[in-house]
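Residue numbers for the sequence shown follow the working numbering, so the first one is 219 and each next one is one higher.
The structure appears right after this line, and notes come after that.
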Amino acid sequence: MSRRASRPLLAAGLGVAALALLPAAYLVVRATGATAEAWELLFRPRTLGLLGSTLGLALAVTGCATVLSLPLAWLTTRTDLPGRRIWTALLCLPLALPTFVSGYVLLAAFGTGGALEEPLARLGLPVPPVYGFPGALLALTLSTYPYLFLALRAGLLAQDPALLESARSLGLTPARAFWRVTLPLLRPAFASGALLVGLYVLSDFGAVALVQYDAFSRIIYMQYEGAYDRAYAALLGLALVVVTVAVLALEVWVRGRASYHRSARGTSRATAPVRLGRWCIPAMALCGGVVSLGVGLPVVILVYWAARGVASGETGVWGPAMNSVLASGLAAVLSVVAALPLAVLGARYPGRLPMLLERSAYVGYALPPIVLALSLVFFGINAAPFLYGTLAMLLLAYLVRFLPQAVGTVRAALLQLSPRLAEAAATLGHSPPSVLRRITAPLMAPGLLAGAALVFLTAMKELPATLLLAPIGFDTLATRVWSATAEGQFAQAAPAALLLLAVSALGVGLLLSQEERARSSQVSG
Numbered sequence: 219m220s221r222r223a224s225r226p227l228l229a230a231g232l233g234v235a236a237l238a239l240l241p242a243a244y245l246v247v248r249a250t251g252a253t254a255e256a257w258e259l260l261f262r263p264r265t266l267g268l269l270g271s272t273l274g275l276a277l278a279v280t281g282c283a284t285v286l287s288l289p290l291a292w293l294t295t296r297t298d299l300p301g302r303r304i305w306t307a308l309l310c311l312p313l314a315l316p317t318f319v320s321g322y323v324l325l326a327a328f329g330t331g332g333a334l335e336e337p338l339a340r341l342g343l344p345v346p347p348v349y350g351f352p353g354a355l356l357a358l359t360l361s362t363y364p365y366l367f368l369a370l371r372a373g374l375l376a377q378d379p380a381l382l383e384s385a386r387s388l389g390l391t392p393a394r395a396f397w398r399v400t401l402p403l404l405r406p407a408f409a410s411g412a413l414l415v416g417l418y419v420l421s422d423f424g425a426v427a428l429v430q431y432d433a434f435s436r437i438i439y440m441q442y443e444g445a446y447d448r449a450y451a452a453l454l455g456l457a458l459v460v461v462t463v464a465v466l467a468l469e470v471w472v473r474g475r476a477s478y479h480r481s482a483r484g485t486s487r488a489t490a491p492v493r494l495g496r497w498c499i500p501a502m503a504l505c506g507g508v509v510s511l512g513v514g515l516p517v518v519i520l521v522y523w524a525a526r527g528v529a530s531g532e533t534g535v536w537g538p539a540m541n542s543v544l545a546s547g548l549a550a551v552l553s554v555v556a557a558l559p560l561a562v563l564g565a566r567y568p569g570r571l572p573m574l575l576e577r578s579a580y581v582g583y584a585l586p587p588i589v590l591a592l593s594l595v596f597f598g599i600n601a602a603p604f605l606y607g608t609l610a611m612l613l614l615a616y617l618v619r620f621l622p623q624a625v626g627t628v629r630a631a632l633l634q635l636s637p638r639l640a641e642a643a644a645t646l647g648h649s650p651p652s653v654l655r656r657i658t659a660p661l662m663a664p665g666l667l668a669g670a671a672l673v674f675l676t677a678m679k680e681l682p683a684t685l686l687l688a689p690i691g692f693d694t695l696a697t698r699v700w701s702a703t704a705e706g707q708f709a710q711a712a713p714a715a716l717l718l719l720a721v722s723a724l725g726v727g728l729l730l731s732q733e734e735r736a737r738s739s740q741v742s743g
């Protein structure tokens, strides 16, 4: 029998949903008020060329990430590669590197005045191009391939080895069995991983801005900061949202409706590892090369420039660090508090309205960060000038952007609690808010802390919203890296980038530990 949520809980859920929907709604209102001239600018050849360059970059990065991820996932799951667990952890570490730090590393290594520019010239070796499309392709590929690597790896681990053995018994060679059996079964994993990579590229701002590649996000920022044409910037933002929706629809089509699960009874067996033999050294060279580019080079370059910065007195990183901790910490607390009513409604009160309220939290996450930030800029200037340029507006952006992370984590923790505990407290006279405060929340403490930690670590790396909405003089680690690199001050940016990398690595460690814990529980179960 369905239950009705209390009015305070519904009111809280409606308030949080309204905040989550505010940027998207205001962006639509702003675009509908655009002049005919602005609409004409939207459909001019320059905008269509911008669309082509953005989609071209997304396709190129997805293709390069696939070329890297597929063999790496196969080597770490299906072969006797020495140190497979260590290689897996190292190959995931680029997730800790924000894309704007990847762009900074390329410029600090191979750009004008970079650490490797002069040594390469002395050796007569060409300096790799790092500006424009080549730099954006390299930076984004090294930053995003772990998403596809993890997805393909999970898909390979989930496959039943009996299917491959049946193909071999029918006379197929190992190579043909891989192409005709293993690879088609990876279609859902590839679709989900490629979706993450593609959406990340479409929404990225830091890397493309630093290497000066004209993608949608960079042009939107330049249009607002330079030309100050807010209506045209809003239309560009809506166009980017349309492209994002099209990519989501493409992922559904690529994934298809075929079934990929086992239909027979029994449990699947572990796959017998393929012996690499003489291919072991090339396989380790491939893994080592990717790790060197994705992790080794960034660490070496950051340490090199950080040492030069310390030697020259460039140590002013603690102010931005404290600002980052303050803003991210407040955002983490606000996100968890706001997620509670939505998670409770979605998990405890089945119905159309609770479901719609919970799903509304994901609208802001679907908006590219630069579009989300721009919509809140418009809202602050026109509807809430008392909030514009304050820390409260920045926290609102963080809340809308990262609320889904908190909702998902809190809801998962809530579903593990028996609803009978709350029902028993209610029979003793406790009101729903009292039950939530005194019974539910304490029992959900681990889930609440996990959600807060996830939001905190992600907010530390947020760049577009911080650039557009932070109060004047409120530098964070992300904005310090971006502004210093844009001015060619690599020594000033390095300490902030190193500290940001260390904090982000904690998030990757949390991700890997959760994956290992989930796998252990499945084995024990």
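Note that the Cβ used here is the ideal one computed from N, Cα and C, for glycine as well.
Exercise. Nearest to L288 by alpha carbon, out of L356, L401 and Y244?
Worked result: Taking the first residue of the sequence shown as position 1, residue 288 is located at position 70. Closest by alpha carbon: L401.
Problem set entry | Beta-carbon contacts of A704 that lie in its chain and below 8 Å, excluding the five residues immediately before and after | For this step, residue 704 is matched to residue 486 along the sequence shown. Once the five neighbours on either side are set aside, the close Cβ partners of A704 are A427 and L428.
For this session: Assuming V595 contacts L686 (C-beta within less than 8 Å), just tell me the rounded distance between them.
Result: Indexing the sequence shown from 1 puts residue 595 at position 377. Indexing the sequence shown from 1 puts residue 686 at position 468. Right, their Cβ atoms sit about 5 Å apart.
For this session: Spatial neighbours of R436 within its chain, please: CB distance less than 7 Å, with the 5 preceding and 5 following residues excluded, ordered by chain position.
Result: Here residue 436 corresponds to residue number 218 of the sequence shown, with the count starting at 1. Here the set comprises F423, V426 and A427.
Exercise. What is the rounded straight-line gap between the Cα of L308 and the Cα of F367?
Worked result: In the sequence shown, counting from the first residue as 1, residue 308 sits at position 90. In the sequence shown, counting from the first residue as 1, residue 367 sits at position 149. The alpha-carbon atoms of L308 and F367 are separated by roughly 12 Å.
Exercise. Between the C-alpha atoms of Y450 and W497, what's the straight-line distance to the nearest angstrom?
Worked result: Locating residue 450 in the sequence shown gives position 232, where the first residue counts as 1. Locating residue 497 in the sequence shown gives position 279, where the first residue counts as 1. Taking the straight line from one Cα to the other gives about 55 Å.
Exercise. Under 7 Å between the Cβ atoms of P559 and A333?
Worked result: For the purposes of this step, residue 559 is taken as residue 341 along the sequence shown, with counting starting at 1. For the purposes of this step, residue 333 is taken as residue 115 along the sequence shown, with counting starting at 1. Their beta carbons are not under 7 Å apart, which means P559 does not touch A333 by this criterion.
For this session: Could you round the C-beta distance between T697 and T676 to whole angstroms and report it? I think they count as a contact, below 8 Å.
Result: Position 479 of the sequence shown, counting from 1, holds the residue named residue 697. Position 458 of the sequence shown, counting from 1, holds the residue named residue 676. Actually they are not in contact, since the Cβ atoms of T697 and T676 sit about 16 Å apart, beyond 8 Å.
Exercise. Where R483 and A372 are concerned, what is the direct C-alpha to C-alpha distance, given to the nearest angstrom?
Worked result: Position 265 of the sequence shown holds residue 483. Position 154 of the sequence shown holds residue 372. In this prediction, R483 has a pLDDT of 45, which is less than 50 and means its spatial position is unreliable; nothing more can be read from the coordinates.
For this session: Within the region 276–349, note down every full alpha helix (DSSP H) run reaching 4 residues or more, in order along the chain.
Result: 302–310, 317–328 and 335–340
For this session: Report all residues from its chain with a CB closer than 7 Å to the CB of L360; omit the five preceding and five following residues, and keep chain order.
Result: Reading the sequence shown from its first residue, position 142 is the one you call residue 360. Answer for L360: P312, S320, L511 and G512, listed in chain order.
For this session: Verify whether the separation of the beta carbon atoms of T608 and P689 is less than 7 Å.
Result: Sequence index remark: in the sequence shown, residue 608 carries index 390 (1-based). Sequence index remark: in the sequence shown, residue 689 carries index 471 (1-based). In contact: T608 and P689 (Cβ atoms closer than 7 Å).
Exercise. Would you call A714 buried or exposed, if buried means 16 or more other Cβ atoms sit within 10 Å of its Cβ?
Worked result: On the sequence shown, position 496 is the one that residue 714 refers to. Per the 10 Å Cβ criterion, buried.
Exercise. Can you give the beta carbon distance from G669 to A624, rounded, assuming they're within the 8 Å contact cut?
Worked result: Numbered from 1 along the sequence shown, position 451 holds the residue referred to as residue 669. Numbered from 1 along the sequence shown, position 406 holds the residue referred to as residue 624. Rounded, the Cβ-Cβ distance is 4 Å, consistent with contact.
Exercise. What separation, rounded to the nearest whole angstrom, lies between the Cα atoms of M540 and L666?
Worked result: Taking the first residue of the sequence shown as 1, we reach residue 540 at position 322. Taking the first residue of the sequence shown as 1, we reach residue 666 at position 448. About 23 Å.
Problem set entry | V429, DSSP secondary structure in three states | For the purposes of this step, residue 429 is taken as residue 211 along the sequence shown, with counting starting at 1. Here V429 sits in coil by DSSP.
Problem set entry | Beta-carbon proximity of L456 to A249, cut-off 7 Å | Along the sequence shown, read from residue 1 onward, the residue named residue 456 stands at position 238. Along the sequence shown, read from residue 1 onward, the residue named residue 249 stands at position 31. Going by C-beta atoms, L456 is nearer than 7 Å to A249.
For this session: Determine the contact status of V492 and R296, defining contact as a CB-CB distance below 7 Å.
Result: Within the sequence shown, residue 492 is the residue found at index 274, counting from 1. Within the sequence shown, residue 296 is the residue found at index 78, counting from 1. Yes, the Cβ-Cβ distance between V492 and R296 is below 7 Å.
Exercise. Can you give the Cα-Cα distance for A354 and L268, rounded to whole angstroms?
Worked result: If you number the sequence shown from 1, residue 354 lands on position 136. If you number the sequence shown from 1, residue 268 lands on position 50. Spanning the two alpha carbons is a distance of roughly 15 Å.
Problem set entry | Alpha-carbon spacing of Y439 relative to G416, whole angstroms | For this step, residue 439 is matched to residue 221 along the sequence shown. For this step, residue 416 is matched to residue 198 along the sequence shown. So the two alpha carbons sit approximately 20 Å from each other.
For this session: Would you mind listing the alpha helix (DSSP H) stretches within the region 240–268 that are 4+ residues and don't spill past its ends, in chain order?
Result: 254–260
Exercise. In or out: L370 buried (at least 16 other Cβ within 10 Å) or exposed?
Worked result: As a working mapping, residue 370 is identified with position 152 in the sequence shown. Buried.
Exercise. In terms of residue numbering, what span does the alpha helix (DSSP H) encompassing I657 cover?
Worked result: Taking the sequence shown and counting its residues from 1, the one referred to as residue 657 is at position 439. Per DSSP, I657 belongs to no alpha helix (DSSP H) and is neither H nor E.
For this session: Give every residue of the same chain whose Cβ lies closer than 7 Å to the Cβ of G564, excluding the five residues on either side of it in the sequence, and list them in chain order.
Result: Indexing the sequence shown from 1 puts residue 564 at position 346. The residues are P572, M573, E576 and R629.
Exercise. Between T330, F434 and L413, which lies nearest to A467 when the distance is taken from Cα to Cα?
Worked result: Walking along the sequence shown from the start, residue 467 turns up at place 249. Nearest of T330, F434 and L413 to A467, Cα basis: L413.
Problem set entry | 7 Å Cβ cutoff met for A433 and T272 | Here residue 433 is taken as the residue at index 215 of the sequence shown, counted from 1. Here residue 272 is taken as the residue at index 54 of the sequence shown, counted from 1. Contact flag set, yes.
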